[in-house]
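The next block holds one structure in the form of structure tokens; read it before the comments.
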Amino acid sequence: MALLAIIHAAIAGFMLFFTAVVPQAAFKTLSAKAVGAFLRVLFPRLFLFGLALSLVASGAALAAGGGWQLHVSLAVAAGFAVNVFVLTPRINFYRDRDLDGDAAAKRIFGLLHLASVAIFLAQLAGSLAIVGMFLYAPF
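Take a look at the structure:
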């Protein structure tokens, strides 16, 4: 179970780093157009990295006997999969339409972006729960 906690600590760590550092640095140093291009390259890679780590965590949880940690690990993996394969392409599509002046697309973009952020935060909470439970009550 220690391996599972370490993997989820890595997941939480990269998610916190991304949230705290990357957007602020990008918006501070790049033009608006460059930020858009950068984030379109970064997000799929970020989500695929998270998907890979969370699938490894799912395997570690399964090897350790399953339990709620397996369900959380699978849910975290599912969230990364939904973000990379479903939401990100749609977010990009509607963002392009928004930039072309489509007011309806702006609203849809906002809702899809909100859904993506909500999933991301739920994944972070799940990973932190596994790490926290290990620290305070080792499996």
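Using our numbering, you'd call the opening residue of the sequence shown number -14 and step up by one each time.
Even glycine gets a Cβ: it sits at the ideal position worked out from N, Cα and C.
The structure presented is a predicted model; accordingly, all values stated were derived computationally and were not measured.
Taking 7 Å as the limit between beta carbons, can you name the residues of its chain near residue i, skipping five residues before and five after?
i, result
"V69", "P29, F32, L33, L36"
"Q54", "L(-11), A46, I115"
"T4", "none"
So, for residue i: in the same chain, excluding its five sequence neighbours on each side, which residues have a beta-carbon less than 8 Å away from its beta-carbon?
i, result
"G86", "none"
"L117", "For clarity, residue 117 is Gly in the given sequence; the question names Leu instead. Taken in chain order, the list of residues that qualify is empty."
"M0", "G35, F105, Q108, L109, S112"
If you run the structure through DSSP and keep just helix, strand and coil, what is residue i?
i, result
"S39", "helix"
"G44", "helix"
"A49", "coil"
"S58", "helix"
"L15", "coil"
"M0", "helix"
How is the alpha helix (DSSP H) around residue i delimited, first residue to last?
i, result
"M118", "88 to 121"
"D81", "73 to 84"
State the CB to CB distance for the pair residue i and residue j, rounded to an integer number of angstroms; the pair is presumed to be in contact (CB under 8 Å).
i, j, result
"A62", "L40", "5 Å"
"F23", "A11", "6 Å"
"I(-4)", "A42", "7 Å"
"A100", "L72", "6 Å"
By Cβ distance below 6 Å, which residues in the same chain neighbour residue i in space, the five residues on each side in sequence not counted?
i, result
"G64", "I104, Q108"
> Quick check: the stretch -14 to -5 against the stretch 46 to 61, are there 3 or more CB pairs under 8 Å?
Replying inline: yes
> Can we say the stretch 72 to 85 touches the stretch 106 to 113, given the rule of at least three CB pairs closer than 8 Å?
Replying inline: no
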